[in-house]
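S.K.: In the numbering used here, the protein residues as written are 488 to 1002.
We treat Cβ as the ideally placed atom computed from N, Cα and C, and that holds for glycine.
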């Protein structure tokens, strides 16, 4: 009897231990299942459209209740009647590098309480274009838009000295790259007070982008997205092209940056023939610092511009078909038709500003800033924008920021580093799961919606959250000002009729700006 009781108790203990182990195993299995389901749900959420929902990409990105707002939200007094002197700047580089320099010049003038002389645009060696500020931008609109921020004049006025009129000569300074605010309030301001005027040249990237004063950043947005409006004839021409493109529905704009300067900068030579490689290496030696760049290494980490064929493969993997209408914003593609043919075979409905410009104006200005300005506007207003190389490309970077500010317009922003091994595998014949891998890499991007700015992303590429607000924000600093009319201003900004008479008023600039 004793032995049987011991045996029963021993058997019960074994069963109990077995039950505990089974319970633990079931719990672990349940947790893993839930984790898998959660992961799957996240991957296919509304914020990352799948191939099946490619139609969603033609609408704007998810905003989460954010909207553009660059109006001041704290005490922001108008500029005093008396300034500390005059600020001249020379904005070097191409159209978009000059654009950021203009924004920085306005902010620098505000920081120093200076009177800004209308920025000078470098007649640079690449564009061979001397249009100047007055030839590209609506000057009256620029001055009026910023009247509560800075005083602006067309030129430094003459001064009276010993009964004679004398032109005030600006003291020339070469500012440090990415200079902090403190440099402008000390070194630059000291010279301005000493000489009455300073001339900062060159002025590309001469003011730090990351400034921990939200009102300063919002001023940059007011300049970039409101004050800088192209002249009426450029706006009308751009609107005409967009209308023509929309006659058959949606259209996508692609900045196909497969051009000599960018390929030479990136050091991506090996896919070209010997003659083309010599051209690229010569261009690099003449224009960039000498570096030992290995193509295989550069390619593996996504430092090479996407080829036209790779762009086509990305779009096809995302679910776009050969009926997609595409506007190409690009200069002369390096390597000719053999690089373009694979892309055209996938997406034959291709346009550029020359094919849809019925006026013929752009055909006569193929290398000038006019063509770049029109490309900028068409890309801004397109349903989808896709940059293929954002590295040092000011055009792509500025457009991504501008489209974000204009209502989170969809941007397909390829992660070249994530895509590089997928394309390399394909070239080696490992094609199984290629489209799914490309799609998975693309679905991890933000599609132009609000996201945290992380270095090296530029403020001009992503001005969130400083230049945005929420109508029902939990954080008081993010709430929209009651009298904020940013959305109305944006609508007016796109209406060329508003500026139809401004050409006739350019000659009155000096009178307007000195009142």
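1) Express the C-alpha separation of residue 643 and residue 579 in angstroms, rounding to a whole number.
2) Among residues of its own chain, excluding the 5 on either side of residue 706, which ones have a beta-carbon nearer than 7 Å to its beta-carbon?
3) If you draw a straight line from the C-alpha of residue 661 to the C-alpha of residue 690, how long is it?
4) Beta-carbon separation of residue 656 and residue 645 under 9 Å?
5) Check whether the stretch 765 to 772 touches the stretch 787 to 805, taking contact to mean three or more Cβ pairs, one atom from each stretch, closer than 8 Å.
6) Can you tell me whether residue 978 is buried or exposed, with buried defined as 16 or more other CB within 10 angstroms of its CB?
7) Alpha carbon to alpha carbon, how far is residue 545 from residue 738? Give it in angstroms, no decimals.
8) How big is the Cα-Cα spacing for residue 472 and residue 868?
9) Which residue comes first and which comes last in the beta strand (DSSP E) that contains residue 955?
10) For a test of the three-state rule: what should DSSP assign to residue 637, helix, strand or coil?
11) What residue does the alpha helix (DSSP H) around residue 765 start on, and which one ends it?
12) What does a CB cutoff of less than 7 Å around residue 904 pick up in its chain, not counting 5 residues either side in sequence?
13) Quick one: what does DSSP say residue 794 is sitting in, helix, strand or coil?
14) Could you spell out where the beta strand (DSSP E) holding residue 645 opens and where it closes?
15) State buried or exposed for residue 900, treating a residue as buried only when at least 16 other CB atoms are found within 10 Å of its CB.
16) Taking DSSP as the reference, what is the three-state secondary structure of residue 921?
17) Need the endpoints of the alpha helix (DSSP H) that residue 782 sits in, please.
18) Considering just the uninterrupted stretch of the alpha helix (DSSP H) at residue 845, what are its terminal residues?
19) Just the Cα atoms here: how many angstroms apart are residue 848 and residue 916?
20) According to DSSP, is residue 926 helix, strand or coil?
21) Mind reading off the beta-carbon distance from residue 793 to residue 876? Whole number of angstroms is fine, and I expect it under 8 Å.
22) Report the partner residues of residue 607 according to the DSSP bridge assignment.
23) Helix, strand or coil: how does DSSP classify residue 882 here?
24) The alpha helix (DSSP H) that contains residue 652, what's its start and end?
25) Quick check: the stretch 745 to 762 against the stretch 774 to 783, are at least 3 beta-carbon pairs closer than 8 Å?
26) Output yes or no for whether 9 Å exceeds the beta carbon distance between residue 895 and residue 548.
27) Look up residue 536 in the DSSP assignment and say whether it is helix, strand or coil.
28) Could you check whether the stretch 741 to 748 touches the stretch 925 to 936, counting it as contact only if at least three pairs of C-beta atoms, one from each stretch, sit closer than 8 Å?
29) So, residue 709 versus residue 665, is the Cβ gap smaller than 9 Å?
30) Helix, strand or coil, according to DSSP, for residue 704 in the structure here?
31) Express the C-alpha separation of residue 703 and residue 558 in angstroms, rounding to a whole number.
32) Can you name the start and end residues of the beta strand (DSSP E) that residue 660 belongs to?
33) Could you tell me the distance, in whole angstroms, from the CA atom of residue 1004 to the CA atom of residue 554?
34) List, from N- to C-terminal side, the beta strand (DSSP E) runs of 3 residues or more that fit wholly inside the stretch 809 to 837.
35) State the start and end residues of the unbroken beta strand (DSSP E) segment that holds residue 686.
M.R.: In short, the structure shows the following:
1) Whole-angstrom Cα-Cα distance: 20 Å.
2) Only 593, 594, 597 and 636 meet the Cβ criterion.
3) Within the model, the alpha-carbon separation for residue 661 versus residue 690 is close to 8 Å.
4) No, the pair does not count as a contact, with Cβ atoms beyond the cut-off.
5) No: fewer than three Cβ pairs fall under 8 Å.
6) Of the residues assessed, residue 978 falls on the exposed side of the cut-off, its CB having fewer than 16 other CB atoms within 10 angstroms.
7) Whole-angstrom Cα-Cα distance: 9 Å.
8) One cannot answer for residue 472 here, as it falls past the ends of the chain, which runs 488 to 1002.
9) Counted as a single uninterrupted DSSP element, the beta strand (DSSP E) harbouring residue 955 occupies residues 955 to 957.
10) Three-state DSSP puts residue 637 in coil, outside helix and strand.
11) Segment 761 to 774, the alpha helix (DSSP H) holding residue 765.
12) Closer than 7 Å at Cβ, skipping near neighbours: 788 and 789.
13) Residue 794 sits in coil when the DSSP states are folded into three classes, being neither helix nor strand.
14) For residue 645, the uninterrupted beta strand (DSSP E) run begins and ends at 645 to 648, by DSSP.
15) Residue 900 is buried by the Cβ-count criterion.
16) Helix at residue 921.
17) It spans 782 to 787 - the alpha helix (DSSP H) in which residue 782 sits, taken as one unbroken run.
18) No alpha helix (DSSP H) holds residue 845; DSSP gives it neither H nor E.
19) Taking the straight line from one Cα to the other gives about 47 Å.
20) In the structure shown, residue 926 adopts helical secondary structure according to DSSP, grouped into three states.
21) So it is a contact: roughly 7 Å between Cβ atoms.
22) Paired residues: 577.
23) Taken through DSSP and simplified to helix, strand or coil, residue 882 comes out as helix.
24) Residue 652 -> not in any alpha helix (DSSP H); beta strand (DSSP E) instead, spanning 651 to 654.
25) Yes, they touch.
26) The answer is yes: Cβ separation under 9 Å.
27) Bear in mind that the predicted position of residue 536 carries a pLDDT of just 46, short of 50, making it too unreliable to give a figure here.
28) No, they do not touch.
29) For residue 709 and residue 665, no; Cβs fall outside 9 Å.
30) In the structure shown, residue 704 adopts helical secondary structure according to DSSP, grouped into three states.
31) Residue 558 and residue 703 have their C-alpha atoms some 11 Å from each other.
32) Counting along the chain, the beta strand (DSSP E) containing residue 660 begins and ends at 658 to 660.
33) The question about residue 1004 has no answer here: the residues shown for the chain are numbered 488 through 1002.
34) Secondary structure in the stretch 809 to 837: the beta strand (DSSP E) runs of 3 residues or longer, each lying completely within the stretch, are 813 to 816 in chain order.
35) 684 to 687 is the span of the beta strand (DSSP E), which, as asked, contains residue 686.
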